[in-house]
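J.:
2 protein chains.
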Amino acid sequence: MYAVNRRFILKSLAASVGLALTPISFASSARTLPVNKQAADFVIHNDLPWALETMRGSFGFGPITPLSRFFVRNNLPMPPASILDRADEWSFKVEGCVGSGSLSLRDLKSMRVQTVASVLQCSGNGRAYSSHNPSGSQWSVGAAGCALWTGVAVADIFEKFGGVSNEAAFLTGTGGESLPEGIDASMVAVERSVPIQKGLEDCMLVWEMNGAPLPLAHGGPLRLLVPGYFGVNNVKWLTRLAATAQESTAKIQQSGYRLRAIGESGGLQHPSMWRMPVKSWLNGPGANGRPVKAGAAMLYGVAFSGERGVDKVEVSGDNGKSWQDAQWIGPDLGVNAWRTFSIGVTLGVGENRYVTRAIDSAGDIQPELAIPNERGYGNNGWADHGLNILAVDELPETASADSGDVPMNVIIEQASKEKTYTLSKTAQRGRAIFTAQSQPNCSVCHTLDAAQAKGLVGPNLDKLKPGLAQIEAAVVQGVGAMPAYGGQLSGSEVEALSAFVFEGTR
Amino acid sequence: MYAVNRRFILKSLAASVGLALTPISFASSARTLPVNKQAADFVIHNDLPWALETMRGSFGFGPITPLSRFFVRNNLPMPPASILDRADEWSFKVEGCVGSGSLSLRDLKSMRVQTVASVLQCSGNGRAYSSHNPSGSQWSVGAAGCALWTGVAVADIFEKFGGVSNEAAFLTGTGGESLPEGIDASMVAVERSVPIQKGLEDCMLVWEMNGAPLPLAHGGPLRLLVPGYFGVNNVKWLTRLAATAQESTAKIQQSGYRLRAIGESGGLQHPSMWRMPVKSWLNGPGANGRPVKAGAAMLYGVAFSGERGVDKVEVSGDNGKSWQDAQWIGPDLGVNAWRTFSIGVTLGVGENRYVTRAIDSAGDIQPELAIPNERGYGNNGWADHGLNILAVDELPETASADSGDVPMNVIIEQASKEKTYTLSKTAQRGRAIFTAQSQPNCSVCHTLDAAQAKGLVGPNLDKLKPGLAQIEAAVVQGVGAMPAYGGQLSGSEVEALSAFVFEGTR
Chain X
4 MYAVNRRFIL KSLAASVGLA LTPISFASSA RTLPVNKQAA DFVIHNDLPW
54 ALETMRGSFG FGPITPLSRF FVRNNLPMPP ASILDRADEW SFKVEGCVGS
104 GSLSLRDLKS MRVQTVASVL QCSGNGRAYS SHNPSGSQWS VGAAGCALWT
154 GVAVADIFEK FGGVSNEAAF LTGTGGESLP EGIDASMVAV ERSVPIQKGL
204 EDCMLVWEMN GAPLPLAHGG PLRLLVPGYF GVNNVKWLTR LAATAQESTA
254 KIQQSGYRLR AIGESGGLQH PSMWRMPVKS WLNGPGANGR PVKAGAAMLY
304 GVAFSGERGV DKVEVSGDNG KSWQDAQWIG PDLGVNAWRT FSIGVTLGVG
354 ENRYVTRAID SAGDIQPELA IPNERGYGNN GWADHGLNIL AVDELPETAS
404 ADSGDVPMNV IIEQASKEKT YTLSKTAQRG RAIFTAQSQP NCSVCHTLDA
454 AQAKGLVGPN LDKLKPGLAQ IEAAVVQGVG AMPAYGGQLS GSEVEALSAF
504 VFEGTR
Chain G
4 MYAVNRRFIL KSLAASVGLA LTPISFASSA RTLPVNKQAA DFVIHNDLPW
54 ALETMRGSFG FGPITPLSRF FVRNNLPMPP ASILDRADEW SFKVEGCVGS
104 GSLSLRDLKS MRVQTVASVL QCSGNGRAYS SHNPSGSQWS VGAAGCALWT
154 GVAVADIFEK FGGVSNEAAF LTGTGGESLP EGIDASMVAV ERSVPIQKGL
204 EDCMLVWEMN GAPLPLAHGG PLRLLVPGYF GVNNVKWLTR LAATAQESTA
254 KIQQSGYRLR AIGESGGLQH PSMWRMPVKS WLNGPGANGR PVKAGAAMLY
304 GVAFSGERGV DKVEVSGDNG KSWQDAQWIG PDLGVNAWRT FSIGVTLGVG
354 ENRYVTRAID SAGDIQPELA IPNERGYGNN GWADHGLNIL AVDELPETAS
404 ADSGDVPMNV IIEQASKEKT YTLSKTAQRG RAIFTAQSQP NCSVCHTLDA
454 AQAKGLVGPN LDKLKPGLAQ IEAAVVQGVG AMPAYGGQLS GSEVEALSAF
504 VFEGTR
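Top to bottom, those sequences are chains X and G.
Just so we're aligned: 138 in the numbering used here is position 135 of the first sequence, and the numbers increase by one with no gaps anywhere.
Just so we're aligned: 462 in the numbering used here is position 459 of the second sequence, and the numbers increase by one with no gaps anywhere.
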């Protein structure tokens, strides 16, 4: 594998002081958040595509996360909002059955309807707690939510076409994201497969979320629901539903979203991010650093385990030396929903840390630490997810109490100022590679002001501000939907390109 | 009782042609709807105070009505939004226990928390189907919704103060509406009582609705929840929680919200609008006159019975000659929630009418017709609540399908034009009574452009456009929170006043 000379880049950065490129105008403004979401309720990791994490303090006591506070993780930018104008005409292909054809949302609405509650959770939720600094959005607890989903069973749809063919081993769903030109579709297409048994047992196509038409940001007008499985499997803007003999050939299935050791590349030999293991965490009071009054307090949080439900949640105020049972708060919405729980404690003045440990109906106990893995997927370790609560005798007059109504900081700044970039010579060479030389060139997918690039497929680099090691690894090996450039760029080209992205985003 | 000479008024109206008062400027604009609500989802019956009815076609298949689509019926204008700024400091008095005192929302949040699902329904829901034209907002089916409510049990709160006193017979909650000056508080104050047994069994003080902090329009930061009881009992912006020996002396309790024969005045001898009887209706497809495609269709609707839950819903396509069982759609959220149901039918080209009949767990069957009553309260007759579905072979290209995403008409027009009023001589005398002579004068409570009145307590008369008989009855007998003026105004004064309101609102 191609090796990057880290020291060379660092050296070139050191030499860069004082060298300025022609100033490039910088004028960006925060986009309006989708679906009535308020900036105060989210950590905005990225905007094109959206990566919106629910603030820990914005989760409620109730079991359903409202649309206005539901996290968003889109792999690619959304299709245009106009697809909702004639939502009922949205159609998708059905393949891999005795017969084949297509159906529209209107067709689905004349079929047997069901509503189920299910947790949606990004595979990378909890990544922020990884010590090896994996790439990707640094989600803490808020890339998860629980909703009521309405639609029809995949089994009923396949039945309409005579049932699945004999070779069917997977249910494969294809998303309707607009793919950019010049990119190998299989590298970026969102297409995921799950075992066909799962597909026939409880998967659904859904058009309603929490009683409202499925919003665009959440895959509307129609998405696949794979109850109890990680978010990536719940393909949005569904255009094709297939019973297939093999897993999808898309990168996102073949090598992406695989649990693999740190440093390893993903492949079919690694477990795919399917069923969500048992997990729990506290959401309040006192999340996001807000002080609370010392004394009696009611802690609350969520607990779930895909396809199983949870039997019990325990809470510890001494880092797991002793545990106490928590009480369930509301109705049980089924094995794929989460349950909210509470426990009364007494908070002493100062920092109080509480951890929680859920046990599911199959007897699985939430581990103290999850197994570290390359991308920081599936973190469910209880030690990482504890809540620190700062208790005080008197709440400050101005600092508001933990009520959920007070705006908090967001990560994206609403900047509209001119900016000049100071780039090293190496970085200046890298800029040409970024904008023209690489195939496809980086501007096709990325937004980066220093390159005047406005691509919408990959992360906005101005907002991501990746570290040098992160850039190098992504360029050489690829990451997520991004192809590897290690084969087409020389060592010094990779260095120059990386230097440019690094310097251009500081 | 004072008798109004209807013929005299009609005569004076006829004589009014050509008589013009000095033009009065007319400039109103629709206010922004609260809580992310969209005009397309509501029939806006009034804006100050809000009377927002969920469009029939805006209900979903799922059991929970999202905040963005939840109806609003406020008896008085809301307190200022600033009360949410320090929500946790919101406090209320506790009375009628061995001890007494006050608690804040922060105190409640340290107590045992629970979440329950309950239907909220305005007593007047279904009033629009009454043949005797009762006064009040003309709700069809949409003054109802089902939500998840989080808070603490009233019983736990009373327990904190040593439990209720021996004489306690009622739980009485007092709302935090700002009362206008010059009005006898007991005439307009929102204070309601329910049996103390009910209060201790399952009533709650709630601060969270569907996972979000309780919005101002729905009583935030804190309201009383009386599960399974009509909306009026669920006092908003709660300032006092009391165990009382007697029912509240407020008019809204003593004579208002009573089931009484047409023409009778309300009193303690009449049943109060407490438990909601068994009821069901269809919400789609094809609500609000939208054509649907002929052929196979899945009808869906809601069914509930306060404190009991429903055992069964039957559907009839022949006006009740024959019935078929419907299927439940989603999870059962408890005895006070509603359940959504569906049934597959085949729609012929043309008009199709379907009615539904729910049976609750106590064996109560939804009646064909509710008993007519003065205010059109508690209408649960299945004959009135049927859904007419227009089915066509080909949907028109432009007319959109029933997808819930297309704006529909709302009742309030966004007018900003000059308007002149043509008033009869009688009406001109009435204008002086409206603005000055009556005690308190009508402008204190009502908005009426022709009087340059901007009162916010009672209905906006420009929007209500009451009929003559409706005006006369309200003036003479009072209605809702409005006092009776029959004792202080002469017969000709009532006629003049009524003529003015009538002519000034055409």
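Glycine is no exception: its CB is placed at the ideal position from the N, C-alpha and C atoms.
The structure presented is a predicted model; accordingly, all values stated were derived computationally and were not measured.
Taking C-alpha atoms, which residue in Ala43/X, Glu184/X, Trp240/X lies nearest to Val209/X?
T.: The shortest C-alpha separation from Val209/X is found at Trp240/X.
J.: Over what stretch of residues does the alpha helix (DSSP H) that includes Gly507/G continue unbroken?
T.: 494-507
J.: With a threshold of 8 Å (Cβ to nearest heavy atom), would Asn339/G be considered close to the ligand COA?
T.: Annotation note on the ligand COA: not contained in the displayed structure, which lists no ligands.
J.: Any idea if Lys296/X is buried or exposed, counting beta-carbon neighbours within 10 angstroms, 16 or more meaning buried?
T.: buried
J.: Checking the sheet assignment: what are the DSSP bridge partners for Cys100/G?
T.: Val167/G
J.: Got a sec: is the Cβ-Cβ distance from Arg311/G to anything in chain X below 9 Å?
T.: Arg311/G does not count as touching chain X.
J.: Suppose the cutoff is 7 Å on Cβ atoms and the five residues either side in sequence are ignored; what does the same chain contact list for Glu98/G look like?
T.: Arg243, Ala245
J.: Among Gly234/G, Val155/G, Thr247/G, which one has its Cα closest to the Cα of Ala172/G?
T.: Thr247/G
J.: Please go through the same chain and pick out, in chain order, the residues whose beta-carbon is closer than 8 Å to the beta-carbon of Thr438/X, but skip the five residues on each side of it.
T.: Asn444, Cys445, Ser446, Ala454, Gln455, Ala456
J.: Going by the beta-carbon positions, is the gap between Gly309/G and Gly337/G smaller than 9 Å?
T.: no
J.: Where are the beta strand (DSSP E) runs, 3 residues long or more, that stay fully inside the stretch 263-348 of chain X, in chain order?
T.: 282-287, 298-307, 313-319
J.: Examine chain G for any beta-carbon lying closer than 9 Å to the beta-carbon of Arg72/X, and answer yes or no.
T.: Yes, Arg72/X counts as interfacial toward chain G.
J.: Relative to the C-alpha of Ser364/X, which candidate in Val358/X, Glu354/X, Asn339/X, Gly353/X has its C-alpha closest?
T.: Asn339/X
J.: Under 9 Å, Cβ to Cβ, is there at least one residue of chain G near Leu336/X?
T.: yes
J.: Run through DSSP, which three-state label would Ile86/X get?
T.: In the three-state reduction of the DSSP assignment, Ile86/X falls in the helix class, which pools H, G and I.
J.: Closer than 8 Å, Cβ to any Cβ of chain X: which residues of the stretch 42-75 of chain G, in chain order?
T.: Phe62, Gly63, Phe64, Gly65, Pro66, Ile67, Thr68, Pro69, Leu70, Ser71, Arg72
J.: Assess contact between the stretch 344-355 of chain X and the stretch 130-140 of chain G, defined as three or more Cβ pairs (one per stretch) separated by less than 8 Å. Is contact present?
T.: no
J.: Using the beta-carbon count (16 or more within 10 Å), is Ser501/X buried or exposed?
T.: buried
J.: State buried or exposed for Pro83/X, treating a residue as buried only when at least 16 other CB atoms are found within 10 Å of its CB.
T.: exposed
J.: Under 9 Å between beta-carbons, which chain G residues line up against Ile332/X? List them in chain order, please.
T.: Chain G residues near Ile332/X: Val116, Gln117, Thr118, Thr153.
J.: Near His388/X, what residues of its chain come up, given a Cβ to Cβ distance below 6 Å and the 5 sequence neighbours on each side ignored?
T.: Trp284
J.: Would you mind giving the Cβ-Cβ distance between Gly470/X and Ile392/X, rounded to the nearest angstrom? I have them listed as a contact below 8 Å.
T.: So it is not a contact: roughly 31 Å between Cβ atoms.
J.: Report yes or no: do three or more beta-carbon pairs, one from the stretch 69-78 of chain X and one from the stretch 217-224 of chain X, lie closer than 8 Å?
T.: yes
J.: Just confirm the distance between the C-beta atoms of Arg115/G and Glu92/G, as a whole number of angstroms; I'd bet it's less than 8 Å.
T.: At roughly 21 Å, the Cβ-Cβ gap does not stay under 8 Å, so Arg115/G and Glu92/G are not in contact.
J.: For Phe233/G versus Ser121/G, is the C-beta spacing smaller than 9 Å?
T.: no
J.: Got a sec, what are the start and stop residues for the alpha helix (DSSP H) Ile199/G sits in?
T.: 199-205
J.: Can you check whether the C-beta of Lys163/X is within less than 9 Å of a C-beta belonging to chain G?
T.: no
J.: Is the beta carbon of Gly287/G less than 9 Å from the beta carbon of Gly304/G?
T.: Cβ distance < 9 Å, so Gly287/G and Gly304/G count as in contact.
J.: Which residues bound the alpha helix (DSSP H) around Gly433/G?
T.: 428-435 is the extent of the alpha helix (DSSP H) around Gly433/G.
J.: Between Gly176/G, Phe307/G, Ser196/G, which lies nearest to Leu271/G when the distance is taken from Cα to Cα?
T.: Ser196/G
J.: Once you ignore the five residues that flank Ser15/X on each side, which residues in its own chain have a CB closer than 6 Å to its CB?
T.: The predicted position of Ser15/X is uncertain, since its pLDDT is 33 and thus under 50; no value can be drawn from it.
J.: So Glu113/X contacts chain G; which residues on that side make the cut at Cβ distance below 8 Å?
T.: Residue identity check: residue 113/X is Ser in the sequence provided, not Glu. Neighbours of Ser113/X on chain G, chain order: Gly298, Ala299, Ala300, Met301, Gly347.
J.: Which whole-angstrom value describes the C-beta separation of Ile67/X and Gly214/G, a residue pair presumed to lie in contact below a C-beta threshold of 8 Å?
T.: 5 Å
J.: Which parts of the stretch 220-271 of chain X are runs of the alpha helix (DSSP H), unbroken and 4 residues or longer, counting only runs that do not cross its ends?
T.: 254-257
J.: What residue from Glu250/X, Ala476/X, Glu162/X, Arg89/X has the CA that sits closest to Cys100/X's CA?
T.: Glu162/X
J.: Closest to Ile346/G by CA distance: which of Glu371/G, Arg378/G, Glu317/G is it?
T.: Glu317/G
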